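Number of protein chains: 2
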Amino acid sequence: MTERQLTGLATDVVVFTISEHRLRVLLVSRSRDPYAGCWSLPGGMVPIDEGLEECASRMLREKTGVHGVYLEQLYSFGEPERDPRGRVVSVSYYALVPPGRLQGVALNGDTLGWWPVDQLPELAFDHDAIVRMAHQRLAAKLEYSTIALQFMGERFTLSELQSVYETILGEPLDKRNFRKRVRNLPCIEDTGERFRAGKHRPARLFRVTRPHRVEIIK
Amino acid sequence: MTERQLTGLATDVVVFTISEHRLRVLLVSRSRDPYAGCWSLPGGMVPIDEGLEECASRMLREKTGVHGVYLEQLYSFGEPERDPRGRVVSVSYYALVPPGRLQGVALNGDTLGWWPVDQLPELAFDHDAIVRMAHQRLAAKLEYSTIALQFMGERFTLSELQSVYETILGEPLDKRNFRKRVRNLPCIEDTGERFRAGKHRPARLFRVTRPHRVEIIK
DNA sequence: TGACATAGTGTAGACGCGACACTAACTTTG
DNA sequence: CAAAGTTAGTGTCGCGTCTACACTATGTCA
């Protein structure tokens, strides 16, 4: 059997968050590279004694300080020519970070930035294809799972949740139909609290009952 | 950044076919191994200049002589301890082979066998998890795509198609409801031909209009 | 010609989904 | 303190879809 050695195996992570009503992706700007000037996904080589998900989780933590958030394997990209420096296969993941968890993380810096998925800069390698696939997967999962709740903080209003759906799907949803759908999810719960107002009628606050669980519905 | 070299990257392929009303998986029996006596999925190391899908496709062709069938990436398995001989990450695929394409392939031999998914022998590594995941994915795709047509030959009857669904799902389906659902798929076509009888009323023969396309429905 | 075996067909009730517009409650300002 | 502004919150009706369910049609074979 052919056993020529591979150059390397990497993981890349599409880190999503939502801010200013936009779905955003964390990107790293590259220096000294065939791709200098471009941006790329946070990622790196997988050490020999580290699991794939473990590695992706570490990348996420190193870049954002965030841990314990939703992380799912996306796809593995392995075209021989995808990295001009040599053969690198990338096992990609995507992660969802609630905006409230991003306290200390610079929102935009020279080397790290949160870019709107629909206005990405030029990306290195095949990273734009990876981001597109991750966005598709996320949007698809909205329809048949409770994955959107991973973007919510401790307490949230139904309007905030609807806004998350609309931001990810890129289209407005009907308010009454949305509330019907969402209110008889088993994993969401009215806290009874009603405050946190603006200059208008205060909204009910809801809570996710099992915050780390993503349920398949329908 | 840590760059210790990986031992290797492999692909493994879950090759499905249907025969005798059973969903079966192609397995290879292992000799001289920590897993001697066990069976495993067909697979092997990925050469440095070969794409992942290309590699999986070659594995399939080498074991079965079959090419040009449905092949899809499933998942990448990379726990550090999954292979006792060293660090091997496996990018797994699954393939669907219509029974009619398996002319010359031995149905059961010492080193190659078609095993029913629900009666597998002991498998090496984490291959049973891989097979289970592939079966789940396939069953899920029956619901929202036309993937089942990948098991059909040139012409087929609706009863044959129903049997494929039932075999994969492991449960009987209502005949009338099934036919309603399937007859207004756009990608299926009545050939007008009606023969191919047993000792009973002959059935209509259908044809897939775009045999290599798997459509998403609903 | 009758027994047998599979092919083939329709309907009625339950349910889910989308379209659609107004009232409720709080804040701010004049 | 009244009115304007702003978001929260609510229900119904029609349509299409899914499910459950049983009998007739058409061939073969003895």
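Residue numbers (our numbering), protein chains in the order written: chain A, 1 to 218; chain B, 1001 to 1218.
Yeah, the Cβ is synthetic: ideal placement off N, Cα and C, and Gly gets one too.
Keep in mind the model is a prediction, meaning the values are calculated, not measured.
When the cut-off is 8 angstroms and only beta carbons count, does E1062 (chain B) lie next to chain A? Your numbering for residue 1062 (chain B) matches position 62 in the second sequence. Judged by the 8 angstroms Cβ criterion, E1062 (chain B) is not in contact with chain A.
Among B:F1178, B:D1126, B:G1113, whose alpha-carbon lies nearest the alpha-carbon of S1090 (chain B)? Translated into positions along the second sequence, residue 1090 (chain B) becomes position 90. The residue with the shortest Cα to Cα distance from S1090 (chain B) is B:D1126.
Starting from the beta carbon of S1076 (chain B), find every residue of chain A whose beta carbon is closer than 8 angstroms, and list them in chain order. Counting from one through the second sequence, the residue named residue 1076 (chain B) turns up at place 76. Under the 8 angstroms cutoff, chain A gives L52, Q73, S76, V91.
Taking DSSP as the reference, what is the three-state secondary structure of M1 (chain A)? Stepping through the first sequence from its first residue, residue 1 (chain A) is reached at position 1. Note that M1 (chain A) has pLDDT 42, beneath the 50 cutoff, so the model's placement of it is unreliable and the number below is only indicative. Residue state, collapsed to three classes: coil.
Y1075 (chain B), enclosing beta strand (DSSP E) - first and last residue: In the second sequence, the residue the question calls residue 1075 (chain B) occupies position 75. Taken as a continuous stretch (DSSP letters only), the beta strand (DSSP E) holding Y1075 (chain B) covers 1070-1077.
For D190 (chain A), the first and last residue of its enclosing beta strand (DSSP E): Numbered from its first residue, the first sequence carries residue 190 (chain A) at position 190. 188-190 is the span of the beta strand (DSSP E), which, as asked, contains D190 (chain A).
Show which residues of chain B have a CB atom less than 9 angstroms away from the CB atom of L112 (chain A). Your numbering for residue 112 (chain A) matches position 112 in the first sequence. None at all; the shortest Cβ gap to chain B is about 16 angstroms.
The alpha helix (DSSP H) enclosing L1138 (chain B), as first and last residue numbers: Reading the second sequence from its first residue, position 138 is the one you call residue 1138 (chain B). In the DSSP assignment, L1138 (chain B) falls within the unbroken alpha helix (DSSP H) covering 1127-1144.
In its own chain, which residues sit with a C-beta less than 8 angstroms from the C-beta of M1253 (chain B), not counting the 5 before and 5 after it? No answer is possible for residue 1253 (chain B): it lies beyond the span of chain B, which begins at 1001 and ends at 1218.
Would you say L9 (chain A) reaches chain B, if we count a Cβ-Cβ gap shorter than 8 angstroms as a contact? As a working note, residue 9 (chain A) is residue 9 in the first sequence. Contact of L9 (chain A) with chain B is assigned, a C-beta pair being separated by under 8 angstroms.
7 angstroms Cβ shell around D190 (chain A) - same chain, five flanking residues per side excluded: For this step, residue 190 (chain A) is matched to residue 190 along the first sequence. Hits under 7 angstroms: R204, F206.
The beta strand (DSSP E) with T1011 (chain B) in it runs from where to where? The sequence position of residue 1011 (chain B) within the second sequence is 11, counting from 1. First-last of the beta strand (DSSP E) with T1011 (chain B): 1008-1019.
Looking at Y70 (chain A): is its Cβ nearer than 8 angstroms to the Cβ of Q150 (chain A)? Counting from 1 along the first sequence, the entry for residue 70 (chain A) is found at position 70. Counting from 1 along the first sequence, the entry for residue 150 (chain A) is found at position 150. Yes. Within cutoff.
For S31 (chain A), the first and last residue of its enclosing beta strand (DSSP E): Looking up residue 31 (chain A) in the first sequence gives position 31. Counted as a single uninterrupted DSSP element, the stretch harbouring S31 (chain A) is not any beta strand (DSSP E), since DSSP gives it neither H nor E.
With DSSP collapsed to three states, give me the class of V1208 (chain B). Numbered from 1 along the second sequence, position 208 holds the residue referred to as residue 1208 (chain B). Reduced to three states, the DSSP call for V1208 (chain B) is strand.
Look up R179 (chain A) in the DSSP assignment and say whether it is helix, strand or coil. Within the first sequence, residue 179 (chain A) is the residue found at index 179, counting from 1. Looking at R179 (chain A) - three-state DSSP - the assignment turns out to be helix.
Identity of the residue in A:L158, A:T146, A:P116, A:H21 nearest R194 (chain A) by Cα: Taking the first residue of the first sequence as 1, we reach residue 194 (chain A) at position 194. Closest option to R194 (chain A), Cα to Cα, is A:L158.
Pick out whichever of A:L52, A:I48, A:R24, A:C38 has its Cα sitting closest to the Cα of D12 (chain A). Against the first sequence, residue 12 (chain A) aligns to sequence position 12. Residue A:L52 holds the alpha-carbon nearest to the alpha-carbon of D12 (chain A) among A:L52, A:I48, A:R24, A:C38.
From the DSSP secondary-structure annotation, give me the bridge partner or partners of Y93 (chain A). Position 93 of the first sequence, counted from the start, is the residue given in the question as residue 93 (chain A). Per DSSP, A:V13, A:Q73.
Whole-number beta carbon distance between S31 (chain A) and A124 (chain A), since they are thought to touch under 8 angstroms: Working through the first sequence from its first residue, we reach residue 124 (chain A) at position 124. Working through the first sequence from its first residue, we reach residue 31 (chain A) at position 31. Actually they do not touch by this definition, with Cβ atoms about 12 angstroms apart.
Using a Cβ-Cβ distance under 8 angstroms, would H1127 (chain B) count as near chain A? For the purposes of this step, residue 1127 (chain B) is taken as residue 127 along the second sequence, with counting starting at 1. It does not: the Cβ of H1127 (chain B) has no partner Cβ on chain A nearer than 8 angstroms.
For T1167 (chain B), the nearest candidate out of B:L1009, B:H1021, B:T1017 (CA to CA): As a first step, residue 1167 (chain B) must be located in the second sequence, where it is residue number 167. Here the closest residue by C-alpha is B:H1021.
Can we say the region 1078-1090 of chain B touches the region 49-67 of chain A, given the rule of at least three CB pairs closer than 8 angstroms? yes
Determine the closest residue to G1170 (chain B) out of B:Y1144, B:H1200, B:E1054, B:L1138, with distance taken between C-alpha atoms. Counted from its first residue, the second sequence places residue 1170 (chain B) at position 170. Comparing Cα positions, the closest option is B:L1138.
How would you label I147 (chain A), buried or exposed, when you count the other beta carbons within 10 angstroms and need 16 or more for buried? Here residue 147 (chain A) is taken as the residue at index 147 of the first sequence, counted from 1. Taking all protein chains shown into account, I147 (chain A) has 16 or more neighbouring C-beta atoms within 10 Å of its C-beta and is therefore buried.
DSSP bridge partner residues for F1151 (chain B) (one or two, in chain order): Residue numbering aside, residue 1151 (chain B) sits at position 151 when the second sequence is read from its first letter. DSSP output for F1151 (chain B) lists no bridge partner at all.
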